[in-house]
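Same order as they appear, the protein sequences are chains A and B. The working numbering puts the first sequence at residues 932 to 1444. The working numbering puts the second sequence at residues 33 to 342. Note that the Cβ used here is the ideal one computed from N, Cα and C, for glycine as well. If you're wondering where the values come from, they're calculated on a predicted model, not measured in any experiment. Have a look at the structure below before the remarks.
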Amino acid sequence: MGELILEMKNITKTFGSVIANQDVCLKVYAKEIHALLGENGAGKSTLMNVLTGIYRPDSGQIFCHGKEVSVNSPKDAVDLGIGMVHQHFRLIPTLTVAENISLYTEKKGFLLNPAKMQKRIAECSRSFNLEVDPAAVVWQLSVGEQQRVEIVKLLYHGAEILILDEPSAVLTPQEAQDMFNVLRKMADSGKAVIVISHKMNEVLNNADRITVLKDGRMEDTMVRKDATLDRLTRAVVGKQDYKEHFRTQKNISPDVVFSMEHVCAKNDRNLDELKDISFDIRRGEIFGIAGVAGNGQRELSEVIAGLRPVTSGKIMADGADLTCASARERREKGIALIPEDRLETGLVPDLNFSENIILTRYSSSRYSRKGFLRFDRMRRDAEDYTKEYEIRHGGFDLPVGLMSGGNQQKLLLAREVSGNPKLIVAAYPVRGLDIGAADMIRQILLQQSEKGTSVLFISEELDEIFHMCDRIGVLCDGELMGIRNTSETDVFEIGQMMAGERKNSEKEASSYA
Amino acid sequence: MSSTLLISILSMAVLYAVSVLYGAVGEIFAEKAGVMNLGLEGIMLMGAVSGYLVAVNQKNLGLAMLTVVLVGAVLGLIFAFLTITLQADQTVAGMAMLTFSTGMSGFIGKSVSGVNANLAFEAISIPGLCRIPILGPVLFQQNILVYLMYFIIPLSVFYINHTRPGMILRALGENPAALDSAGYNVFALRYAYVVFGSVMTAVGGAFVSLAYTNFWSDGMTSGKGWIAFALVVFSSWNPLTAVFGGLLFGAISAIGVDIQTLFPAIPSQIFATLPYIATIIALVFTTGNFRNRRSAAPAALTIPYDREKR
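Right, here's the structure in full:
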């Protein structure tokens, strides 16, 4: 461990009434990889945005090499030697690596001299043991190589403190390991490296020190030799006991409504995302999918709804094989979807209330006759939904994009529920909603399950999953780590499974007992 | 074919090419900066009429061109304000620009419609060079605006590919957010290139009224602005390729004129449509999925830059 390069003291940052950071302290030393660990919304990015001059803190101090500094703009941060690699790279795809770096770091000289420029940058990257081809055009590079270009760019500009925002999120496991090797070399050469992450295993394997944020506060900080998966899990998910169950009335029958057998699927980058997923859901059951976002949840919900093909495996609903069925056929079989991006996949923001209601069944005889829409019925149903689900909006003719998130979600849910589905796939159904709307959404889902509808409930909030679900499956890196009856597990065990620990104990609940 | 006919066709082709190249090169710069201006035809008309008005009333070509440059700059500023500051849809703003300037040009040009200015950019022979067989009279017995284009083309290619501001321009239309975070003023740069593009286009219009056809009438650029616009795509945003495209269209159009006399039975309108048909064919082949588009169109073309939306 080298000298203390950077110290953040009692940083507090609020947005309106939301406290993003409260009295957070962070010490970063030269020659170390410092991991900033926490769930989404724990305040990691806010803290780093304060450090890089994008946000100004309400209170608190920042010390660089022992001297107090004020970071009022990204430029101040750059001048202090603080550089950040964002999740979305700031690169020009059509320019060469050398041109990209030159664009960022050299502002003088009218004529370009590509040969000299490339030579300078090659020398620099070699001095840091970072291999990049300065003559290569950026769009031809892999994501991992592009990330390396971003790092060289910062180093060439003289950065001493490197911040990487979820650097492994866009990489394959192999690329991620290469990247951490690069970061280790950086640290060894005297730089300080801060890695924002929500993956506990990655942090345990690669960081020298770990600071855990939870709900905007610093929960724990430790050196690696003191860190264990248990300690990290407790710090990240908290210490509360979520045994309380919202489910008062259950109406679960033994027959299987939906099942997946050994399903595999690829993600948008054509890499294997879902690996050998098998589970089944009974009638009236709420089956939870826990896991850190980005571990295959999106692909799972898309595969079930018929928006993404499987590469192998089998999907069954009510005894019928739906593996190759279209999205519409699946809807007709009673599968409803509440997608995680409600304004992209769920609703059309520019269409009005009534039009959004009929999106999934505009051609049914209820809403159309001889090719013409029946506006009277659309209007009547819109009024019914408004009353039944207490949806607030400025009028049936206004685009739903103008409604609040909570009311949009109620509209979406009203539409999906009204088709009397057998299975509702709900992906993060209360994400971003206020407490009142979130409660209402959960109540609707609970009522549906009491009526005998099954629900696949995807969430990253463990307390919510424990409150709502009868069984919990845990996704990590596209694999199902195990399935538990909610009554026989605790948040700690689920947390460990979320971190990638496979638990094939006798407690395995392959189906509801 | 006699050599006089060949020379006549080729020098017509050069004139035609230059008349569309001013707009095309200007638009290449604007689009490389990420802003598409569909109103080229209208700006050309405004350039044509303002130049002609000053030429008729003041009998001074220098003053006429200065006016043209100013008119182009003002129109460019208006378009830049709409699309960059107000972040208006570029297609809609371009159409507004087109209808506004077309109508405006007809309105302010009423007094000189059909009036002879008795003043135009005359052809100047370059001593020595004009004696080269065929190429001499084609390339070196032209007016000064044609000679200016001979310098503009290599200079703009050099600027885009071999200078630092040119590199910044290439980045501007690809990923303005990256430039912003590196400390460049995306808005100012886009303004500059949009105004430059508009000025060039207006000069192209004045070329038509003061050097090419030497008169003014309503809508007299007859689609040259659109051909300039098509040329940008056709050339894959490369001024040098645009030259060949311009010459190709020019040759087709000139052949159309000359061939009419050989086939009096065929209506002249058929031949007059040739450059437009060629434009359509060229656009289909260059914009369709026939090749890797990645290398051509700037990725951020028509997308307003909004800092909050990173």
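>> Please list, in chain order, the chain B residues whose beta carbon lies closer than 9 Å to that of residue 1030 (chain A).
In response: Annotation: Cβ neighbours of residue 1030 (chain A) in chain B (cutoff 9 Å, chain order): 199, 202 and 203.
> Any idea what DSSP makes of residue 945 (chain A), helix, strand or coil?
Replying inline: The answer is strand: DSSP assigns residue 945 (chain A) an E or B state.
>> Just to confirm the assignment: which complete alpha helix (DSSP H) runs, minimum length 4, are found wholly within the region 1005-1058 of chain A?
In response: List check, alpha helix (DSSP H) in window: 1005-1010, 1028-1036 and 1045-1058.
>> Per DSSP, what are the beta-bridge partners of residue 1219 (chain A) in this structure?
In response: The partner list for residue 1219 (chain A) (beta bridge, DSSP) reads A:1388 and A:1403.
>> Using only the alpha-carbon positions, how far apart do residue 1000 (chain A) and residue 1143 (chain A) sit?
In response: Distance from the CA atom of residue 1000 (chain A) to the CA atom of residue 1143 (chain A), rounded to whole angstroms, is 24 Å.
>> When you compare the CB of residue 215 (chain B) with every CB in chain A, is at least one pair closer than 9 Å?
In response: Residue 215 (chain B) counts as touching chain A.
> Does any C-beta atom of chain B lie closer than 9 Å to the C-beta of residue 1332 (chain A)?
Replying inline: At a cut-off of 9 Å, the C-beta of residue 1332 (chain A) has no neighbouring C-beta in chain B.
> Considering only C-alpha positions, which residue in the set B:116, B:85 and B:187 is nearest to residue 334 (chain B)?
Replying inline: Out of B:116, B:85 and B:187, B:116 has the C-alpha closest to the C-alpha of residue 334 (chain B).
> Between residue 1270 (chain A) and the rest of its own chain, which residues show a CB-CB distance below 7 Å, the 5 nearest in sequence each way excluded?
Replying inline: Result list for residue 1270 (chain A): 1232, 1276, 1277 and 1358, in chain order.
> Residues in its own chain within less than 7 Å of residue 1003 (chain A) by CB, not counting five upstream and five downstream?
Replying inline: So the qualifying residues of the chain are 984 and 987.
> Are there 16 or more other CB atoms within 10 angstroms of the CB of residue 1419 (chain A), so buried, or fewer, so exposed?
Replying inline: When all chains shown are included, residue 1419 (chain A) counts as exposed.
> What residue range is occupied by the uninterrupted beta strand (DSSP E) comprising residue 1204 (chain A)?
Replying inline: That run of the beta strand (DSSP E) goes 1203-1214.
>> Helix, strand or coil, according to DSSP, for residue 1448 (chain A) in the structure here?
In response: No information on residue 1448 (chain A) is available, as it lies outside the stretch 932 to 1444 that chain A covers here.
> Along chain A, which residues have their Cβ under 9 Å away from the Cβ of residue 196 (chain B)?
Replying inline: Taking a Cβ-Cβ cut-off of 9 Å, the neighbours of residue 196 (chain B) in chain A comprise 1033, 1034, 1037, 1038, 1039, 1040, 1041, 1042 and 1043, given in sequence order.
> Anyone know if the C-beta pair for residue 1180 (chain A) and residue 1381 (chain A) falls short of 9 Å?
Replying inline: Yes, these two residues count as a Cβ contact at 9 Å.
>> Can you find the residues in the same chain that come closer than 8 Å, C-beta to C-beta, to residue 1034 (chain A), ignoring five residues on each side of it along the sequence?
In response: If you ignore the 5 residues before and after residue 1034 (chain A), its C-beta comes within less than 8 Å of the C-beta of 1023 and 1026, all in its own chain and listed in chain order.
> Which value, in whole angstroms, describes the spacing of the CA atoms of residue 947 (chain A) and residue 1145 (chain A)?
Replying inline: So the alpha carbons of these two residues sit roughly 19 Å apart.
> Quick one, which of B:178, B:75, B:114 and B:271 has its alpha-carbon nearest residue 222 (chain B)'s?
Replying inline: B:114 is the residue among B:178, B:75, B:114 and B:271 whose C-alpha sits nearest the C-alpha of residue 222 (chain B).
> So which residues of chain A does residue 89 (chain B) contact, with C-beta pairs closer than 9 Å?
Replying inline: Per Cβ cutoff of 9 Å: no residues; residue 89 (chain B) is ~41 Å from chain A at best.
> Which class does residue 954 (chain A) belong to by DSSP, given the choice of helix, strand or coil?
Replying inline: Residue 954 (chain A) falls in the strand class under three-state DSSP.
> What whole-angstrom Cβ distance do residue 1160 (chain A) and residue 1430 (chain A) have, given they're in contact under 8 Å?
Replying inline: The pair is a contact, with the Cβ atoms about 6 Å apart (cut-off 8 Å).
> When the cut-off is 9 Å and only beta carbons count, does residue 1152 (chain A) lie next to chain B?
Replying inline: Judged by the 9 Å Cβ criterion, residue 1152 (chain A) is not in contact with chain B.
>> Measuring only the C-alpha atoms, how far is residue 36 (chain B) from residue 163 (chain B)?
In response: Taking the straight line from one Cα to the other gives about 14 Å.
>> Per the DSSP calculation, residue 1194 (chain A) is bridged to which residue(s)?
In response: In DSSP, residue 1194 (chain A) forms a bridge with A:1208.
>> Using a 10 Å radius around the Cβ and a threshold of 16 neighbouring Cβ atoms, would you call residue 1240 (chain A) buried or exposed?
In response: Counting Cβ neighbours within 10 Å, residue 1240 (chain A) comes out exposed, since fewer than 16 surround it.
>> Given this structure, state the Cα-to-Cα distance separating residue 311 (chain B) from residue 178 (chain B), to the nearest angstrom.
In response: Roughly 22 Å between the two C-alpha positions.
> Does the beta carbon of residue 63 (chain B) come closer than 9 Å to any beta carbon on chain A?
Replying inline: It does not; no Cβ of chain A falls within 9 Å.
> The beta strand (DSSP E) spanning residue 1416 (chain A) covers which residue range?
Replying inline: For residue 1416 (chain A), the enclosing beta strand (DSSP E) has its first and last residue at 1410-1416.
>> Using the Cβ count rule (16 or more neighbours within 10 Å means buried), how would you classify residue 118 (chain B)?
In response: Residue 118 (chain B) comes out exposed.
>> With H, G and I counted as helix, E and B as strand and the rest as coil, what does DSSP make of residue 1398 (chain A)?
In response: Shown here, residue 1398 (chain A) sits in a helix according to DSSP, grouped into three states.
> Straight-line CA distance for residue 103 (chain B) to residue 143 (chain B)?
Replying inline: A direct Cα-to-Cα measurement between residue 103 (chain B) and residue 143 (chain B) gives close to 18 Å.
> Can you list, in chain order, the residues of its chain whose CB lies under 7 Å from that of residue 1254 (chain A), leaving out five sequence neighbours each side?
Replying inline: By the criterion of a C-beta distance shorter than 7 Å, residue 1254 (chain A) is surrounded in its chain by 1241, 1245 and 1246, once the five residues flanking it on both sides are discounted.
>> Please classify residue 944 (chain A) as buried or exposed, where buried requires at least 16 neighbouring CB atoms within 10 angstroms.
In response: Buried: at least 16 other Cβ atoms inside 10 Å.
> Would you call the region 1196-1206 of chain A and the region 1363-1370 of chain A in contact, with 3 or more CB pairs under 8 Å?
Replying inline: Touching, no, given that fewer than three Cβ pairs across the two stretches are closer than 8 Å.
> Which word fits residue 1200 (chain A), buried or exposed, when buried means at least 16 other C-beta atoms lie within 10 angstroms of its C-beta?
Replying inline: Residue 1200 (chain A) comes out exposed.
> Distance, Cα to Cα, residue 1011 (chain A) vs residue 214 (chain B)?
Replying inline: Near 15 Å, if we compare the C-alpha coordinates of residue 214 (chain B) and residue 1011 (chain A).
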